[in-house]
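Written as structure tokens, this is what we have:
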């Protein structure tokens, strides 16, 4: 079982799951999610129960998750800029609308 601790994760960050067959921890992120750390409480269950002295559930342990911001390509629009004193050249084949309010 995975349960979020406080503070809760942001919208777009789904609660992590554990694959019962492989034991893999699976995390699905929405667009533009970064930050953290977010804390989770994780415990594991055994379907064998407590027969022959077994322990059906592990004590919870803490998991801290941080998502680093990924490198995004730069975005800009070429056009007229009074700071440059004229027209900024527009690459061949590119669409370069004028900048408004510059």
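Numbering (the working numbering), first residue to last: 906 to 1007. Glycine included, C-beta positions come from ideal geometry on N, C-alpha and C. As the structure is a prediction and not an experimental result, all values here were calculated from the model.
> What three-state label does DSSP hand residue 962 in the structure shown?
Replying inline: Within the chain shown, residue 962 is the residue found at index 57, counting from 1. Strand, per DSSP.
> Hey, out of 932, 951, 920, 929, whose CA is closest to residue 964's CA?
Replying inline: The count along the chain shown starts at 1 and reaches residue 964 at position 59. It is 951.
>> To the nearest angstrom, how far is the alpha carbon of residue 974 from that of residue 940?
In response: Residue mapping note: residue 974 aligns to position 69 of the chain shown, counting from 1. Residue mapping note: residue 940 aligns to position 35 of the chain shown, counting from 1. Between residue 974 and residue 940, the C-alpha separation is close to 7 angstroms.
>> Can you list, in chain order, the residues of its chain with a C-beta nearer than 7 angstroms to that of residue 907? Leave out the 5 residues immediately preceding and following it.
In response: Here residue 907 corresponds to residue number 2 of the chain shown, with the count starting at 1. Contacts found: 920, 921, 922, 923, 945, 947.
> Any idea which residues DSSP pairs residue 955 with across the strands?
Replying inline: Stepping through the chain shown from its first residue, residue 955 is reached at position 50. Residue 955 is not bridged to any residue.
>> Considering only the alpha carbon of each residue, which of 909, 916, 960, 961 lies closest to residue 937?
In response: Residue numbering aside, residue 937 sits at position 32 when the chain shown is read from its first letter. When each option's Cα is compared against that of residue 937, the closest is 916.
>> Taking the beta strand (DSSP E) that residue 941 belongs to, which residues open and close that run?
In response: Here residue 941 refers to the residue found at position 36 of the chain shown. Per DSSP, residue 941 belongs to the beta strand (DSSP E) from 940-947.
> What's the C-alpha gap between residue 926 and residue 909?
Replying inline: Position 21 of the chain shown holds residue 926. Position 4 of the chain shown holds residue 909. Answer to the nearest angstrom: the Cα atoms are 22 angstroms apart.
> Quick one: what's got a C-beta closer than 7 angstroms to residue 953's C-beta in the same chain, skipping five residues either side?
Replying inline: Working through the chain shown from its first residue, we reach residue 953 at position 48. Closer than 7 angstroms at Cβ, skipping near neighbours: 959.
>> Considering only heavy atoms of the ligand GTP, does any lie closer than 8 angstroms to the CB of residue 969?
In response: Inclusion of the ligand GTP in the displayed structure is not the case, the ligand content being empty and no account of it being possible.
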